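Enquirer: What follows is a structure written as structure tokens; I'll ask about it next.
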Amino acid sequence: MTAQTTALRKHIHILAATTLLSAATFAGASAQEVEAAAERLQTYVADQGFKIEWDGIDLDTDGSSGILVGVRAGNDEAMVPVGNIRLAGVTRDDKGYRVERITLADFSGADDEEEVRFAAEGIELGNVLLPDEDKRDNYGGFLFYETFALDRMALTIAGTDVFTMGDMHFEVTEPDGDTPMDFSGAAESFTVDLSLMEDENQLAVMEALGLKQMKGYMEVEGSWNPNDGRLAFSQYDMTVVEAGTLGFTFDLGGYTPSLIASLRELQKQMAENPDSDNSAQGLAILGLLQQMTFHNAEISFADDTLTNKVLDFVAKNQGMRAADIANQAKAVVPFALAQLNNPELTAQASQAVSTFLDDPQSLTVSARPAQPVPFALLMATAMTTPVELTKSLGVTVTAND
3 MTAQTTALRK
13 HIHILAATTL
23 LSAATFAGAS
33 AQEVEAAAER
43 LQTYVADQGF
53 KIEWDGIDLD
63 TDGSSGILVG
73 VRAGNDEAMV
83 PVGNIRLAGV
93 TRDDKGYRVE
103 RITLADFSGA
113 DDEEEVRFAA
123 EGIELGNVLL
133 PDEDKRDNYG
143 GFLFYETFAL
153 DRMALTIAGT
163 DVFTMGDMHF
173 EVTEPDGDTP
183 MDFSGAAESF
193 TVDLSLMEDE
203 NQLAVMEALG
213 LKQMKGYMEV
223 EGSWNPNDGR
233 LAFSQYDMTV
243 VEAGTLGFTF
253 DLGGYTPSLI
263 ASLRELQKQM
273 AENPDSDNSA
283 QGLAILGLLQ
293 QMTFHNAEIS
303 FADDTLTNKV
313 LDFVAKNQGM
323 RAADIANQAK
333 AVVPFALAQL
343 NNPELTAQAS
353 QAVSTFLDDP
363 QSLTVSARPA
373 QPVPFALLMA
383 TAMTTPVELT
393 KSLGVTVTAN
403 D
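My numbering numbers the first residue of the sequence shown as 3 and each following residue consecutively.
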């Protein structure tokens, strides 16, 4: 499905560009302000690797609301019409241009040759700020919004909805002084249909595991403090019904506005010279990232029948019992982890896997060093003595917490 994957990537890029465009804010007091805001918007969007353009701006009689008419969005490969954008309640303050509500027209794009169609409905942002250039990095380098909502989006191939997502929403608090930016959100539902997989053997496996058609939801929560660059995701969960929940958390330091500005400039240089040797810029990016510190991270899996389905499937194909397959897996773990040269972690992980396979509830891998570890030290350890990395990070494995 290479051609279909290419078409999917193109439509996802178009959605991303139209979502970025929705953050356009215009002060209606004068044409000069409108033009200045439009120029800033195009600059900020270009920094994200997209292009936007429109035929004109129709202002309401009060000058505080308007419509971007004939909007087109995309990249160097294609510009696609995405309809009109409604901007309501536009004002200007000492931080930048603000708009109370931005509403995008329902969007759909299709590649008839590949029978691929992408659609998004009900996109709206609330209390948006397009910050001034000298303040943009205090908001992550682009725009800020307090609310984001998307009613539904769908990718359809040959008449089959291979992916849908519904009721996506995010809520964000504006950072102010020592107060960090807190954010949370969810996609209350998503579906994945793998029935179009070309590999019949893989499709048979997915069907046996009950994953041919999946339903689920996603949840996220975290914070970022521009003052010290502390970035934490306290929740990033993806749940597949009657399978399980895969969760991530992490806590990093040093992701400061100055670092964001430096990374953006390097990425811009690389984008302007796509055919040149970007190894120097790549090394520069790695150098910048060494300013960050690692506080902790965690990956977990909470089972909802998937583990036993896998054991039963493998056992059936090998003419064995599920319990025998579980015992084989337990025996393999110590040998697989021996190369880490961390006997304590190997014993701990072996016990955790054994506990989990006997009673599948949850399995968690955590990295919690006693003190925050600079990325520079992590990189040096990974290159010189990688076997010491699990000790430096304080890696642990637990089950059924």
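We put the CB at the ideal spot given by N, CA and C, even for glycine. Computed from a predicted structure; not experimentally measured.
1. Is the number of C-beta pairs between the stretch 298 to 312 and the stretch 243 to 250 that are closer than 8 Å three or more?
2. Compute the beta-carbon to beta-carbon distance between Ser236 and Glu223, rounded to the nearest angstrom, for a pair I have assumed lies under 8 Å.
3. Whose C-alpha, out of Ala340, Gln353 and Val47, is nearest the C-alpha of Pro133?
4. Spatial neighbours of Phe377 within its chain, please: CB distance less than 6 Å, with the 5 preceding and 5 following residues excluded, ordered by chain position.
5. Can you tell me which of Ala188, Thr400, Arg42 and Val130 puts its alpha carbon nearest to the alpha carbon of Glu300?
6. Identify, in the order they occur along the chain, each residue of the same chain with its Cβ nearer than 7 Å to the Cβ of Thr45, setting aside the five sequence neighbours on each side.
7. How many Å lie between Met385 and Leu379 at the Cα?
8. Report the three-state DSSP secondary structure of Asn319 (helix, strand or coil).
9. Identify the residues that DSSP records as bridge partners of Asn227: which are they?
10. How far does the alpha helix (DSSP H) with Asp326 in it reach, from first residue to last?
11. Is it right to say Thr93 is buried, meaning 16 or more other beta carbons lie within 10 angstroms of its own, or is it exposed?
12. What are the boundary residues of the alpha helix (DSSP H) that includes Asp153?
13. Could you work out which residue in Asn343, Ala75 and Asn140 is closest to Asn229 when comparing CA atoms only?
14. Could you give the distance in angstroms between the alpha-carbon of Ala210 and the alpha-carbon of Lys318?
15. Report buried or exposed for Ala263, applying the criterion of at least 16 other Cβ atoms within 10 angstroms of its Cβ.
16. What would DSSP say about Asp139, mapped onto helix, strand or coil?
17. By the three-class DSSP mapping on this structure, what secondary structure does Ser24 have?
Expert: Working from what's here:
1. yes
2. About 5 Å separates the two Cβ atoms, so the contact holds.
3. Val47
4. Leu291, Gln292 and Met294
5. Thr400
6. none
7. 10 Å
8. Asn319: helix per DSSP, three-state reduction.
9. Residue pairing from DSSP places Asn227 in a beta bridge opposite Arg232.
10. Ala324 to Leu339
11. The Cβ neighbour count for Thr93, taken over all protein chains shown within 10 Å, is under 16; the residue is labelled exposed.
12. That residue, Asp153, is in no alpha helix (DSSP H); its beta strand (DSSP E) goes Phe146 to Ile159.
13. Ranked by how close their Cα comes to the Cα of Asn229, the residues Asn343, Ala75 and Asn140 have Asn140 in first place.
14. 11 Å
15. exposed
16. In the three-state DSSP reduction, Asp139 falls in the helix class (H, G or I).
17. Here Ser24 scores only 48 on pLDDT, less than 50, and its place in the model should not be relied on; the value that follows carries that caveat. The answer is coil: DSSP assigns Ser24 none of H, G, I, E or B.
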